[in-house]
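*Asks:*
Number of protein chains: 4
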Amino acid sequence: MARQRDERKRKQILETSKTLFSHSGFYNTSISQIVKAVDMPVGTIYTYFRSKEDIIKTIVEEGWQELYSQLEEISRSGRADREKLKVLIENIIPSLLQDLDFINILLTEAVVFTRIEEKIEKITDLVFSIIKNISSQSNLSRKYMKTALIVIFLGILSSASLVKTNTTEITIEDIITFVKEITESSLGIKL
Amino acid sequence: MARQRDERKRKQILETSKTLFSHSGFYNTSISQIVKAVDMPVGTIYTYFRSKEDIIKTIVEEGWQELYSQLEEISRSGRADREKLKVLIENIIPSLLQDLDFINILLTEAVVFTRIEEKIEKITDLVFSIIKNISSQSNLSRKYMKTALIVIFLGILSSASLVKTNTTEITIEDIITFVKEITESSLGIKL
Amino acid sequence: MARQRDERKRKQILETSKTLFSHSGFYNTSISQIVKAVDMPVGTIYTYFRSKEDIIKTIVEEGWQELYSQLEEISRSGRADREKLKVLIENIIPSLLQDLDFINILLTEAVVFTRIEEKIEKITDLVFSIIKNISSQSNLSRKYMKTALIVIFLGILSSASLVKTNTTEITIEDIITFVKEITESSLGIKL
Amino acid sequence: MARQRDERKRKQILETSKTLFSHSGFYNTSISQIVKAVDMPVGTIYTYFRSKEDIIKTIVEEGWQELYSQLEEISRSGRADREKLKVLIENIIPSLLQDLDFINILLTEAVVFTRIEEKIEKITDLVFSIIKNISSQSNLSRKYMKTALIVIFLGILSSASLVKTNTTEITIEDIITFVKEITESSLGIKL
DNA sequence: AATGAATGAGGCTTCATTCAT
DNA sequence: CATGAATGAAGCCTCATTCAT
Numbered sequence: 102m103a104r105q106r107d108e109r110k111r112k113q114i115l116e117t118s119k120t121l122f123s124h125s126g127f128y129n130t131s132i133s134q135i136v137k138a139v140d141m142p143v144g145t146i147y148t149y150f151r152s153k154e155d156i157i158k159t160i161v162e163e164g165w166q167e168l169y170s171q172l173e174e175i176s177r178s179g180r181a182d183r184e185k186l187k188v189l190i191e192n193i194i195p196s197l198l199q200d201l202d203f204i205n206i207l208l209t210e211a212v213v214f215t216r217i218e219e220k221i222e223k224i225t226d227l228v229f230s231i232i233k234n235i236s237s238q239s240n241l242s243r244k245y246m247k248t249a250l251i252v253i254f255l256g257i258l259s260s261a262s263l264v265k266t267n268t269t270e271i272t273i274e275d276i277i278t279f280v281k282e283i284t285e286s287s288l289g290i291k292l
Numbered sequence: 102m103a104r105q106r107d108e109r110k111r112k113q114i115l116e117t118s119k120t121l122f123s124h125s126g127f128y129n130t131s132i133s134q135i136v137k138a139v140d141m142p143v144g145t146i147y148t149y150f151r152s153k154e155d156i157i158k159t160i161v162e163e164g165w166q167e168l169y170s171q172l173e174e175i176s177r178s179g180r181a182d183r184e185k186l187k188v189l190i191e192n193i194i195p196s197l198l199q200d201l202d203f204i205n206i207l208l209t210e211a212v213v214f215t216r217i218e219e220k221i222e223k224i225t226d227l228v229f230s231i232i233k234n235i236s237s238q239s240n241l242s243r244k245y246m247k248t249a250l251i252v253i254f255l256g257i258l259s260s261a262s263l264v265k266t267n268t269t270e271i272t273i274e275d276i277i278t279f280v281k282e283i284t285e286s287s288l289g290i291k292l
Numbered sequence: 102m103a104r105q106r107d108e109r110k111r112k113q114i115l116e117t118s119k120t121l122f123s124h125s126g127f128y129n130t131s132i133s134q135i136v137k138a139v140d141m142p143v144g145t146i147y148t149y150f151r152s153k154e155d156i157i158k159t160i161v162e163e164g165w166q167e168l169y170s171q172l173e174e175i176s177r178s179g180r181a182d183r184e185k186l187k188v189l190i191e192n193i194i195p196s197l198l199q200d201l202d203f204i205n206i207l208l209t210e211a212v213v214f215t216r217i218e219e220k221i222e223k224i225t226d227l228v229f230s231i232i233k234n235i236s237s238q239s240n241l242s243r244k245y246m247k248t249a250l251i252v253i254f255l256g257i258l259s260s261a262s263l264v265k266t267n268t269t270e271i272t273i274e275d276i277i278t279f280v281k282e283i284t285e286s287s288l289g290i291k292l
Numbered sequence: 102m103a104r105q106r107d108e109r110k111r112k113q114i115l116e117t118s119k120t121l122f123s124h125s126g127f128y129n130t131s132i133s134q135i136v137k138a139v140d141m142p143v144g145t146i147y148t149y150f151r152s153k154e155d156i157i158k159t160i161v162e163e164g165w166q167e168l169y170s171q172l173e174e175i176s177r178s179g180r181a182d183r184e185k186l187k188v189l190i191e192n193i194i195p196s197l198l199q200d201l202d203f204i205n206i207l208l209t210e211a212v213v214f215t216r217i218e219e220k221i222e223k224i225t226d227l228v229f230s231i232i233k234n235i236s237s238q239s240n241l242s243r244k245y246m247k248t249a250l251i252v253i254f255l256g257i258l259s260s261a262s263l264v265k266t267n268t269t270e271i272t273i274e275d276i277i278t279f280v281k282e283i284t285e286s287s288l289g290i291k292l
């Protein structure tokens, strides 16, 4: 019936499910496992969410919303583009890369349930609007820049997701450093 | 003599499953769907594969093997590093990006079934060994280059997978162009 | 409150399965047959038992428990040993031989699923502790008596199981008479 | 098609299956396991036996035949009854108890496939015909003696089968000793 | 309202036996 | 004849969701 009674419980279900989905995958995580983990009766879950699918969709949607609203806020702020870019790279992205469970779900499970292409498109457009006037080198075509943005954005997410496994020698910090440097060298600026 | 193992059947199961897995996801594709698609009796599937999981593992493993052996061949060839890089970007990567179903499975479903981190690590090391002596700018640290390789490699794959949906304005060609240019500008060379 | 666990259903599944297992054997009795016989949906079976194997294990375990607790009660009672023996032969064994389905399962199917050796050992020890001080003839060695107990106990069960088929001319009563007489003559007493 | 080509192979299939059936049970032993154990192609098995069931039936039938023919031979021999009994207890039974796999199958798996009741009946009758005139105590009724025979015969088999697990302190020798003594004391003779 | 037993379609896999080669 | 790939009915069990209590 999806009434939002206790917001604390709702968040707990969401957080716990996120961890479980990220670790074992959506289909390998049963409602009964979630129920056990949050220590609530099955019925209660269905008081907050219409279905299991609704849970993962909500995780993705709310996680995405949070990221997007941060971006929008910066974008709409009166700051200089270069300043916006700095915040994006030094604050927003690092904060995003903190939530590896979310990224993991976004990249793997969410594909089936949400139209991430649209989300990526939307976010890329926003960043593009910040970037496009900064470049000192006007020889970069729009197409090239958009491609660069998408490849690098998705690359960052995937790499971060990979880092989680601790198999690679690189770290989240390395990734952020890379983003900063590639941005600076591509745009010919210094942040 | 009894009937011989039919390699054609095996390949057909693999190809058909790849498509289905890529489109609907591993868990949303039932054995009975595969069976219907390949028009074989259920039992036959199980004479070629031990389990449903074995099918997806084989898809990933063999697909990866193909990619990796191409890379190794180039790597081992006596050509100049710059020449190798050219082949990588102009032949191997484009050919890899042709098989979007494979990439899609690799990025989403395979995570649960195979240790892709190791694969990425291995492939990145191989490319790194080609790249490391090319750069005219020795100021690029090893860490930076490895990070760059991982981010961009994964970025390419994810973007290509996204392109499949036809929602974005960019194309596979744009991605390849981007790779070429970023490589050239990063290493300060012209391929 | 949701529905309460229905002990009646549990017992019904157990009883019905016992009959079916005894008649056709464990592997020749399918879950769907049980389901049909108890007229419940499949799922219900699995809310009461973890698996088909769990059902037969429970049948054996609970049946055994019942027998064993009767024995223990007598054993612990303050009565004279000869009195205990009388109860054993005139009440407990006849009551045990009443449940031929249970005996049949115990002797045939249960071997694979439970450690009956341990059960037999345990029960024999208990009976031995009652018997050992009764005998007027101390020339019976401990080893001999234990062997006698095991052979005769298992013999009774197997014979009873055989009687079920109505092929033999002997009956359950004959078996009980035999037990009584052999006991009396072996121990040199009159019950 | 069950042609008996190579008797050696046939025996090998029978022996191997007997071991496997005894250890894991009939239904937990697949034809493919037998095939692996005897290192023959599946088809070959079906050259010697019509079906899996045919294998177990043959094991029981031939094993039983062997036992029965020994008994018949003794029975038909011109020896004195007491002499016959001696051979039965000192030779035939010990030899029977040697083949625990056979006994195990007889008691558990065979129940479903063969009419062991008839076999037990038949064998008991034969032994009874030897015994009936020996007894110095004519107070033993026919019913009593038949019951005793059945209970003790089945008890011996079951106990022997139990001994296989090495959990009990008694041994095959103890069982044989017991049989001898109980026979002697029941019939009031000395073998 | 809160609970968790009940539901049953549908999933994956096995395996004795056949029969094309 | 010898072989072992092919077959497909049937087995066991899961699990998201509902709804009686």
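Protein chains in written order, with the numbering used here: chain A, 102 to 292; chain B, 102 to 292; chain C, 102 to 292; chain D, 102 to 292. Glycine residues also receive a C-beta, built at the ideal position from the N, C-alpha and C atoms.
1) Would you kindly check if the distance between the Cβ of D/Ile-132 and the Cβ of D/Val-143 is under 8 Å?
2) Please decide whether C/Thr-130 counts as near chain D, where near means a Cβ-Cβ distance under 8 Å.
3) Closer than 8 Å by beta-carbon distance: list the chain D residues that pair up with C/Phe-279, in chain order.
4) Please classify A/Asn-267 as buried or exposed, where buried requires at least 16 other C-beta atoms within 10 Å of its C-beta.
5) Can you give me the C-alpha to C-alpha distance between D/Phe-214 and B/Thr-209, rounded to a whole angstrom?
6) At which residues does the alpha helix (DSSP H) containing A/Ala-211 begin and terminate?
7) Hey, how far is the Cα of A/Met-102 from the Cα of A/Thr-145?
8) Please report whether the beta-carbon of D/Ala-103 lies at a distance below 8 Å from any beta-carbon of chain C.
9) To the nearest angstrom, report how far apart A/Thr-225 and A/Tyr-245 are at their CA atoms.
10) Distance, Cα to Cα, A/Val-228 vs A/Asp-275?
11) Around the C-beta of C/Lys-247, are 16 or more other C-beta atoms found within 10 angstroms, so that it is buried, or is it exposed?
12) Express the C-alpha separation of B/Phe-127 and B/Lys-137 in angstroms, rounding to a whole number.
13) In terms of residue numbering, what span does the alpha helix (DSSP H) encompassing C/Asn-205 cover?
14) Under the assumption that A/Tyr-147 contacts A/Lys-110 (Cβ atoms under 8 Å), give the Cβ distance between them as a whole number of angstroms.
15) Going along chain B, which residues have a C-beta under 7 Å from A/Gly-179?
16) Run down chain A in chain order and give the residues with a C-beta less than 7 Å from the C-beta of B/Glu-222.
17) Listing by chain order, which chain C residues have their CB less than 7 Å from the CB of D/Thr-120?
18) Could you pull out every residue in the same chain whose Cβ sits closer than 7 Å to the Cβ of C/Leu-168, ignoring the five residues on either side in sequence?
19) Output the distance between the C-alpha atoms of C/Ile-160 and D/Lys-220, rounded to the nearest integer angstrom.
20) Return no unless some Cβ of chain C is closer than 8 Å to the Cβ of D/Val-212.
21) So, A/Gly-256 versus B/Val-252, is the Cβ gap smaller than 8 Å?
22) Based on Cα-Cα distance, which residue from D/Ser-152, D/Thr-117 and D/Gly-164 lies nearest to D/Asp-140?
23) At which residue ranges does the stretch 256-292 of chain B contain complete alpha helix (DSSP H) runs of 4 or more residues, listed in the order of the chain?
24) According to DSSP, is C/Gly-126 helix, strand or coil?
25) How would you call B/Gly-289, buried or exposed, if buried means at least 16 neighbouring beta carbons within 10 angstroms?
26) Find the nearest neighbour of B/Thr-120 within the set B/Lys-265, B/Glu-282 and B/Thr-278, judged by alpha-carbon distance.
27) Just the C-alpha distance for B/Lys-223 and B/Glu-173, rounded to the nearest angstrom, thanks.
28) Using a C-beta to C-beta distance shorter than 7 Å, which residues of chain B count as neighbours of A/Glu-219?
29) Suppose you measure from the CA of A/Arg-106 to the CA of A/Phe-254; what does that come to, to the nearest Å?
30) Would you say A/Ile-257 faces chain B, with C-beta separation under 8 Å as the test?
31) Expressed to the nearest angstrom, what Euclidean distance is found between the alpha-carbon atoms of A/Ile-273 and C/Lys-153?
32) Does D/Asn-234 pass the burial test, meaning 16 or more other C-beta atoms within 10 Å, or should it be called exposed?
33) By Cβ distance below 7 Å, which residues in the same chain neighbour A/Arg-104 in space, the five residues on each side in sequence not counted?
34) Along the chain, where does the alpha helix (DSSP H) that runs through C/Arg-177 open and close?
35) Output needed for C/Leu-189: all residues of its chain with C-beta closer than 6 Å, excluding positions within five of it in sequence on either side, in chain order.
*Replies:* Straight from the coordinates:
1) In the fourth sequence, residue 143 of chain D corresponds to position 42, counting from 1. In the fourth sequence, residue 132 of chain D corresponds to position 31, counting from 1. Contact flag set, yes.
2) As a position in the third sequence, residue 130 of chain C is number 29, starting the count at 1. Cβ-Cβ to chain D under 8 Å: no for C/Thr-130.
3) Here residue 279 of chain C is taken as the residue at index 178 of the third sequence, counted from 1. Neighbours of C/Phe-279 on chain D, chain order: Tyr-245, Thr-248, Ala-249 and Val-252.
4) As a position in the first sequence, residue 267 of chain A is number 166, starting the count at 1. Looking at its Cβ environment, which holds fewer than 16 other Cβ atoms inside 10 Å, A/Asn-267 is exposed.
5) The residue labelled residue 214 of chain D in the question sits at position 113 within the fourth sequence. The residue labelled residue 209 of chain B in the question sits at position 108 within the second sequence. Near 52 Å, if we compare the C-alpha coordinates of B/Thr-209 and D/Phe-214.
6) Taking the first residue of the first sequence as position 1, residue 211 of chain A is located at position 110. From DSSP, the alpha helix (DSSP H) with A/Ala-211 extends over 211-214.
7) Translated into positions along the first sequence, residue 102 of chain A becomes position 1. Translated into positions along the first sequence, residue 145 of chain A becomes position 44. Note that A/Met-102 scores 42 on pLDDT, short of 50, meaning its location in the model is unreliable and no value can be drawn from it.
8) Position 2 of the fourth sequence, counted from the first residue, corresponds to residue 103 of chain D. Summary for D/Ala-103: the model assigns pLDDT 45, below 50, so the residue's position carries little reliability, and this model does not support an answer.
9) On the first sequence, residue 225 of chain A is found 124 positions in, with the first residue counted as 1. On the first sequence, residue 245 of chain A is found 144 positions in, with the first residue counted as 1. Each residue's CA atom was taken as its position, placing A/Thr-225 and A/Tyr-245 some 13 Å apart.
10) Here residue 228 of chain A refers to the residue found at position 127 of the first sequence. Here residue 275 of chain A refers to the residue found at position 174 of the first sequence. Between A/Val-228 and A/Asp-275, the C-alpha separation is close to 21 Å.
11) Start at 1 with the first residue of the third sequence, and residue 247 of chain C comes out as number 146. The residue is buried, with at least 16 neighbouring Cβ atoms inside 10 Å.
12) Looking up residue 137 of chain B in the second sequence gives position 36. Looking up residue 127 of chain B in the second sequence gives position 26. If you draw a straight line from the Cα of B/Lys-137 to the Cα of B/Phe-127, it comes to about 16 Å.
13) Residue mapping note: residue 205 of chain C aligns to position 104 of the third sequence, counting from 1. Segment 201-208, the alpha helix (DSSP H) holding C/Asn-205.
14) Here residue 147 of chain A is taken as the residue at index 46 of the first sequence, counted from 1. Here residue 110 of chain A is taken as the residue at index 9 of the first sequence, counted from 1. Not a contact, Cβ separation roughly 12 Å.
15) Along the first sequence, one-based indexing puts residue 179 of chain A at 78. Simply none; closest approach about 30 Å.
16) Translated into positions along the second sequence, residue 222 of chain B becomes position 121. For B/Glu-222, the chain A residues whose C-beta falls within less than 7 Å of its own C-beta are Thr-268 and Thr-269, listed in chain order.
17) The count along the fourth sequence starts at 1 and reaches residue 120 of chain D at position 19. The contacting residues do not exist; D/Thr-120 stays about 15 Å from chain C at best.
18) Counting from one through the third sequence, the residue named residue 168 of chain C turns up at place 67. The answer, listed in chain order, is Leu-197.
19) What you label residue 160 of chain C is simply residue 59 of the third sequence in a count that begins at 1. What you label residue 220 of chain D is simply residue 119 of the fourth sequence in a count that begins at 1. Each residue's alpha carbon lies about 29 Å from the other.
20) Counted from its first residue, the fourth sequence places residue 212 of chain D at position 111. Cβ-Cβ to chain C under 8 Å: yes for D/Val-212.
21) Translated into positions along the first sequence, residue 256 of chain A becomes position 155. Translated into positions along the second sequence, residue 252 of chain B becomes position 151. Remark: C-beta atoms of A/Gly-256 and B/Val-252 approach each other more closely than 8 Å.
22) Taking the first residue of the fourth sequence as 1, we reach residue 140 of chain D at position 39. Ranked by Cα distance from D/Asp-140, the options D/Ser-152, D/Thr-117 and D/Gly-164 are led by D/Thr-117.
23) Taken in chain order, the whole alpha helix (DSSP H) runs of length 4 or more contained in the stretch 256-292 of chain B are 273-288.
24) The count along the third sequence starts at 1 and reaches residue 126 of chain C at position 25. Here C/Gly-126 carries a coil assignment [DSSP, helix/strand/coil].
25) Here the question's residue 289 of chain B lines up with position 188 in the second sequence. Residue burial annotation: B/Gly-289 is exposed, with fewer than 16 other C-beta atoms found within 10 angstroms of its C-beta.
26) Within the second sequence, the letter at position 19 stands for residue 120 of chain B. Comparing alpha carbon positions, the residue from B/Lys-265, B/Glu-282 and B/Thr-278 closest to B/Thr-120 is B/Lys-265.
27) Taking the second sequence and counting its residues from 1, one reaches residue 223 of chain B at position 122. Taking the second sequence and counting its residues from 1, one reaches residue 173 of chain B at position 72. Near 11 Å, if we compare the C-alpha coordinates of B/Glu-173 and B/Lys-223.
28) Residue numbering aside, residue 219 of chain A sits at position 118 when the first sequence is read from its first letter. Near A/Glu-219 (Cβ distances below 7 Å), the residues of chain B are Thr-268.
29) Within the first sequence, residue 106 of chain A is the residue found at index 5, counting from 1. Within the first sequence, residue 254 of chain A is the residue found at index 153, counting from 1. Between the alpha carbons of A/Arg-106 and A/Phe-254 lies a distance of about 37 Å.
30) Numbered from its first residue, the first sequence carries residue 257 of chain A at position 156. It does; some Cβ of chain B falls within 8 Å.
31) In the first sequence, counting from the first residue as 1, residue 273 of chain A sits at position 172. In the third sequence, counting from the first residue as 1, residue 153 of chain C sits at position 52. Cα to Cα, the separation comes out at about 49 Å.
32) For the purposes of this step, residue 234 of chain D is taken as the residue at position 133 of the fourth sequence. Burial call: exposed.
33) To locate residue 104 of chain A, count along the first sequence from 1; it is residue 3. Low local confidence applies: a pLDDT of 47 at A/Arg-104 is under 50, so the model's placement there is unreliable, and no value is given.
34) Translated into the one-based positions of the third sequence, residue 177 of chain C becomes position 76. For C/Arg-177, the enclosing alpha helix (DSSP H) has its first and last residue at 153-177.
35) For the purposes of this step, residue 189 of chain C is taken as the residue at position 88 of the third sequence. Result list for C/Leu-189: empty, nothing under 6 Å.
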